[in-house]
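Just below is one structure, and these are the notes that go with it.
Okay, here's the thing in structure tokens:
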């Protein structure tokens, strides 16, 4: 692109030359004489361009380049945040699974006769009567496995993970409602249930960093 005169109008020599060559080639091929009309050629799209248009295009290109660069950095930052969140979520699921296993072991200990003190056995009997939490523990374990599977799967799984955490929170609430008001060994189950809920809430906060 070269500017002609002081009026800020640019001549696209390469494009105009291409138009002229195409005209001459067509004239030779079809046996038609004459030369291309310059007035017609200069009216062809892109043959002439004002300095303002050129400047505007350059500015637009520069802005788009900046936007693309910023978007690239933003995506990189979000990816790094997502990786950090995923690592923390895996750690919290490991803690969650540990709590579930400890609760199951505590239940087996209380209900399997391994604790022989009369008071503990009485508490275990009350727990059996009021609060068989085995189903909740099984479902919690299932949710943890599904959660980790979604993390392995990758992609946009944030909503699915959040839904699973809501289900886990529901199971933890049921567990707590069944063991509320019990003392002694049963109280330890309630305490672990509260710890589980705390981990679930922390996990939900981290899920917000995932798409």
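Numbering (the numbering used here), first residue to last: 945 to 1155.
Virtual Cβ for every residue (Gly too), placed ideally from N, Cα, C.
Contacting residues, own chain, Cβ-Cβ under 6 Å from residue 1044 (five flanking each side not counted): Hits under 6 Å: 1081, 1084 and 1085.
Pick out whichever of 1090, 1042, 1096 and 1098 has its Cα sitting closest to the Cα of residue 1213. Beyond the ends of the chain as shown, which are 945 and 1155, falls residue 1213; an answer cannot be given.
Report the partner residues of residue 993 according to the DSSP bridge assignment. 954
Using only alpha-carbon positions, find the residue among 1017, 1032, 961 and 1117 that is nearest to residue 1148. 1032
With three or more beta-carbon pairs closer than 8 Å as the criterion, would you say the segment 952-970 touches the segment 986-993? yes
Check whether the Cβ atoms of residue 1048 and residue 1143 lie closer than 7 Å to each other. No. Outside cutoff.
How should residue 1015 be labelled, buried or exposed, when 16 other C-beta atoms within 10 angstroms of its C-beta is the threshold for buried? Exposed, by the Cβ-count rule.
Using C-beta distances below 7 Å, list every residue in its chain close to residue 1112, excluding the 5 sequence neighbours before and after it, in chain order. These residues qualify, in order along the chain: 1084, 1087 and 1144.
My guess is that residue 1030 and residue 1095 are in contact by the Cβ rule of under 8 Å, so how many angstroms apart are they, rounded? Cβ-Cβ separation between residue 1030 and residue 1095: approximately 6 Å, consistent with a contact (criterion under 8 Å).
Helix, strand or coil: which one does DSSP assign to residue 1058? Only weak support exists for where residue 1058 lies, its pLDDT of 48 falling under 50; the value from the coordinates is given anyway. Here residue 1058 sits in coil by DSSP.
Considering only C-alpha positions, which residue in the set 968, 1140 and 1012 is nearest to residue 1114? Shortest Cα-Cα distance from residue 1114 to any of 968, 1140 and 1012 involves 1140.
Going by DSSP in three states, residue 961 sits in which element: helix, strand or coil? helix
Do you know how far the Cα of residue 1020 is from the Cα of residue 1135? 40 Å
Quick check on residue 1038: buried or exposed, where buried means 16 or more other Cβ atoms within 10 Å of its Cβ? Label assigned to residue 1038: exposed.
Own chain residues within Cβ distance below 7 Å of residue 1108, not counting five before or after: If we look at residue 1108 and ignore the five residues flanking it on each side, its Cβ neighbours are 1087, 1090 and 1091.
DSSP on residue 1111, reduced to helix/strand/coil? Three-state DSSP puts residue 1111 in a helix.
Within 10 Å of its beta-carbon, does residue 1017 have 16 or more other beta-carbons around it, so buried, or fewer, so exposed? exposed
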